[in-house]
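To keep things clear, I will list the structure first and then write my remarks on it.
There are 4 protein chains.
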Amino acid sequence: MGQKERREREKQQRRTQILNAARALLLKEGFNKTSVNKISKKAELSVGSIYFYFKNKEEIFASLEHEGLEILHEHVLSATGGVTDSIDRLKKGADAYYQFSIRHSDYFDVINYFLSSPRVFFSEDVNRTIDSKGAMILENISATVRRGVEEGVFEEKFPGNFAAFFWASLHGIIQTRKLQGTMIECDDFYSFFQYSVDRLIESISSR
Amino acid sequence: MGQKERREREKQQRRTQILNAARALLLKEGFNKTSVNKISKKAELSVGSIYFYFKNKEEIFASLEHEGLEILHEHVLSATGGVTDSIDRLKKGADAYYQFSIRHSDYFDVINYFLSSPRVFFSEDVNRTIDSKGAMILENISATVRRGVEEGVFEEKFPGNFAAFFWASLHGIIQTRKLQGTMIECDDFYSFFQYSVDRLIESISSR
Amino acid sequence: MGQKERREREKQQRRTQILNAARALLLKEGFNKTSVNKISKKAELSVGSIYFYFKNKEEIFASLEHEGLEILHEHVLSATGGVTDSIDRLKKGADAYYQFSIRHSDYFDVINYFLSSPRVFFSEDVNRTIDSKGAMILENISATVRRGVEEGVFEEKFPGNFAAFFWASLHGIIQTRKLQGTMIECDDFYSFFQYSVDRLIESISSR
Amino acid sequence: MGQKERREREKQQRRTQILNAARALLLKEGFNKTSVNKISKKAELSVGSIYFYFKNKEEIFASLEHEGLEILHEHVLSATGGVTDSIDRLKKGADAYYQFSIRHSDYFDVINYFLSSPRVFFSEDVNRTIDSKGAMILENISATVRRGVEEGVFEEKFPGNFAAFFWASLHGIIQTRKLQGTMIECDDFYSFFQYSVDRLIESISSR
DNA sequence: CATGAATGAGTATTCATTCAT
DNA sequence: AATGAATGAATACTCATTCAT
């Protein structure tokens, strides 16, 4: 009876082992230098086993992206948890993304990698699960906007569009952090980020 | 007499050959698969020669980025050429970026690559020339905003900040094109882009 | 049952294959021209396999050095085997080194390479095993000297120092073999070597 | 009239430029990484010119070896200059070699390189000039020994042999400096060196 | 005399993936 | 379900040398 379950549990454990190793390497060595062999060594599993649990190297990172989005989602949720004011919710949410990009820079890199790499290489399945996680984050923003509209704080006919716009902009802004001091003159990047968030919210604020 | 000049011209030709090859490969095969060997083969030059003209593989792509920014700059300039209305100028400029990202998708990819790749690997020199090109584009936006403020169309104390914010957002938005139909529900990505531009402009529009 | 063992045996065989190839190339082409690719071709194994069995090119040669020191040690041991007279032991030992440098000139070259190359590039581990082998050879000399002192044949307060001095000198002398006929006028290098050994022994002989 | 001479002088200057560059690179980057291209860049001369003044890369280093031997010779001469006591002369000469190996470690490396590399690759001409320099150093030792014999301090029938033996031993000993602390237990390598010199001199001292 | 562009085989090393056991 | 040995093309980059100008 319990054998099947135990097996299943062990399988999950192995998967987690692999992902842990991949994540650690990703943070330490970066994307291109994280090879399957290194992952297998770190995970204390054979290369063959890696390929039993994951079809591809890419699929490992797809899982990591899923994880990343999950963490991001939780970050945003806990940051906006008790907040009722709609404007504040957006600000807190944006801030959560910023903090996430710093504290979990590895996960941010994964997300960024898949966002900025020109091709889609995942199977439909994988893509769907990833997208659904992303959709949850967007839905959170949408809901806030809708509530703000009801309260009269915002004016926006397409909250879904705004959500996508909001997130895409935030991501684009965070990406430019490295240009700070060269193309972007701001001394304090966080100030610039906050300025940007203010603009984004302003764009749908009622007059 | 003209020997020196001819030589110089030939040198420039070779450089161009190499860049052409690199650009073509970049478009066809993407970044990671564009190797120096392939470039040399496509350019019909020896590997050694590639390294005679460029110190690094990275320097080749840095040159491409510079080229890309130049083309983008020209695009924007010609799109906003005779336009006097400030709002229209921003719209036309944003549109030029969008068109650029489609018509010169290879160059967009280069720019995107260096924007989204986690590390800076260029020498200070190269970085400076690249940044200066980028700064020109931002300055164009800044100027428009300042004029709009004078005309009373915009309210903005920090046009420089807005310029950076504007461009970063546009870039982030264009990046999400590939998510169209999955995370982003919009059928027509261009409509979504225009919607976003409207929001960005709205964010500094006088009330 | 014996599967594991057979596997292990095969692994050892492969290692040996690689070392054989490396040794042969070393002898034929010298150090700098012995590349990993050539080794792999000669060993009839893929390049990747070479790197499966050895972390580095250097590690291959480190193994060869270890082998070389082992062979040398055995040579010396068997040459001094039944010899009881201390002076004779030193002579026979020195002679064994000379013979080794001729019969196993490839191994001598390896030892010489690591002795004369300006940098140390091995990991501490590898260095330790190598050094311990070398120490055994030196210890053999020391012991002989100590016995000679007890017998009153030698006068030497620091047998360890003498051992090092003895070996270093022998090595330096053998190195000059190629200068025979130019800087070194001796017709018969072996005579010169024997003359030198006599001097070295004389230097601690009791009067 | 003076044109020819000026030309000749300039030619010599160029040669010196090249050798200076090669020497500097040798010290900084080591043997294998000192390429002709780098030399040409450092010497501010074209690659082609390098090949006008030197047939080979090897010939450049051969010249350096010649230089090195010259410097060493001068070192030894000035160290033994006013010294009349034969034993002291040998000690001072040996010491000069030791100091040379430290202060002019680049030259020592060159000499060592050609001594320890298994093949002779120079033309007979080059070899002869190099050897003649080496012979002068050996002759200096020989002379001292002969004088010592006359004075009754030394007993030695073949001063030439001893000179070669003396130098080869010294060289072998200095080579082992890097083994200090591992195979060679001595804390202070210089003490070990002095001990060795004492032994070498002892080996021909009259009783 | 001097230049410097061009060569292309060569370097050590890494890689994702396969497959017999 | 797991292993790990094997592959070999691929990577960025260097090199000594040549030769037309």
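Chains as they are written, first to last, in my numbering: chain A, 1052 to 1258; chain B, 1052 to 1258; chain C, 1052 to 1258; chain D, 1052 to 1258. Beta carbons: idealized from backbone N, C-alpha and C, even for Gly.
Residues that DSSP places opposite residue i in a beta bridge
i: Ser1256(C); result: Phe1205(C)
i: Gln1245(B); result: DSSP output for Gln1245(B) lists no bridge partner at all.
N- and C-terminal bounds of the alpha helix (DSSP H) containing residue i
i: Gly1133(B); result: Neither: Gly1133(B) is in no alpha helix (DSSP H) and is coded neither H nor E.
i: Phe1216(A); result: Pro1210 to Gln1226
i: Asn1071(A); result: Gly1053 to Glu1080
i: Lys1089(A); result: Val1087 to Lys1093
i: Phe1165(A); result: Ser1156 to Ser1167
i: Phe1103(C); result: Val1098 to Tyr1104
Proximity of residue i and residue j at Cβ, strictly below 8 Å
i: Tyr1104(B); j: Arg1066(B); result: yes
i: Ile1255(D); j: Glu1202(D); result: no
i: Gly1231(C); j: Leu1166(D); result: Correcting the residue identity first, residue 1231(C) is Gln in this sequence and not Gly. No, the Cβ-Cβ distance between Gln1231(C) and Leu1166(D) is not below 8 Å.
i: Tyr1164(C); j: Phe1216(D); result: no
i: Tyr1148(B); j: Leu1221(B); result: yes
i: Ile1188(B); j: Leu1123(B); result: yes
i: Ala1072(B); j: Ile1090(B); result: yes
i: Thr1195(B); j: His1117(B); result: no
i: Phe1213(B); j: Arg1228(B); result: no
i: Arg1258(D); j: Arg1258(C); result: yes
C-alpha gap between residue i and residue j, whole angstroms
i: Ala1186(D); j: Leu1115(C); result: 35 Å
i: Val1087(D); j: Lys1093(D); result: 10 Å
i: Leu1265(B); j: Glu1059(B); result: Here chain B covers residues 1052 to 1258 and nothing more, so residue 1265(B) does not appear.
i: Ala1075(C); j: Gly1211(C); result: 35 Å
i: Met1052(B); j: Lys1062(B); result: Bear in mind that a pLDDT of 47 at Met1052(B), under 50, signals an unreliable position, so the model cannot answer this.
i: Lys1184(A); j: Leu1077(A); result: 21 Å
i: Asp1238(C); j: Glu1056(D); result: 44 Å
i: Ala1219(C); j: Gly1223(D); result: 5 Å
i: Asn1107(D); j: Gly1144(D); result: 34 Å
i: Ser1129(D); j: Gln1064(C); result: 58 Å
i: Phe1244(C); j: Val1161(C); result: 21 Å
i: Val1127(B); j: Val1248(A); result: 25 Å
i: Asn1178(A); j: Val1098(D); result: 56 Å
i: Gln1054(D); j: Glu1121(B); result: 54 Å
i: Gly1133(B); j: Asp1139(B); result: 11 Å
i: Glu1080(D); j: Lys1079(B); result: 40 Å
i: Val1200(A); j: Phe1209(A); result: 10 Å
i: Ser1156(D); j: Asp1182(B); result: 45 Å
i: Asn1271(D); j: Ser1242(A); result: Because chain D is modelled from 1052 through 1258, residue 1271(D) falls outside the range shown and cannot be assessed.
i: Thr1085(A); j: Glu1253(B); result: 44 Å
i: Glu1125(D); j: Gln1150(D); result: 12 Å
i: Ser1100(A); j: Glu1110(A); result: 14 Å
Burial state of residue i (16 or more Cβ within 10 Å)
i: Arg1250(D); result: buried
i: Ser1137(C); result: buried
i: Ile1192(D); result: buried
i: Asp1146(A); result: buried
i: Ile1153(D); result: exposed
i: Thr1135(C); result: exposed
i: Leu1070(D); result: buried
i: Gly1119(D); result: buried
Near the ligand PLP: residue i beta-carbon under 7 Å from a heavy atom
i: Ile1101(C); result: Here there are no bound small molecules, and the ligand PLP is not part of this structure.
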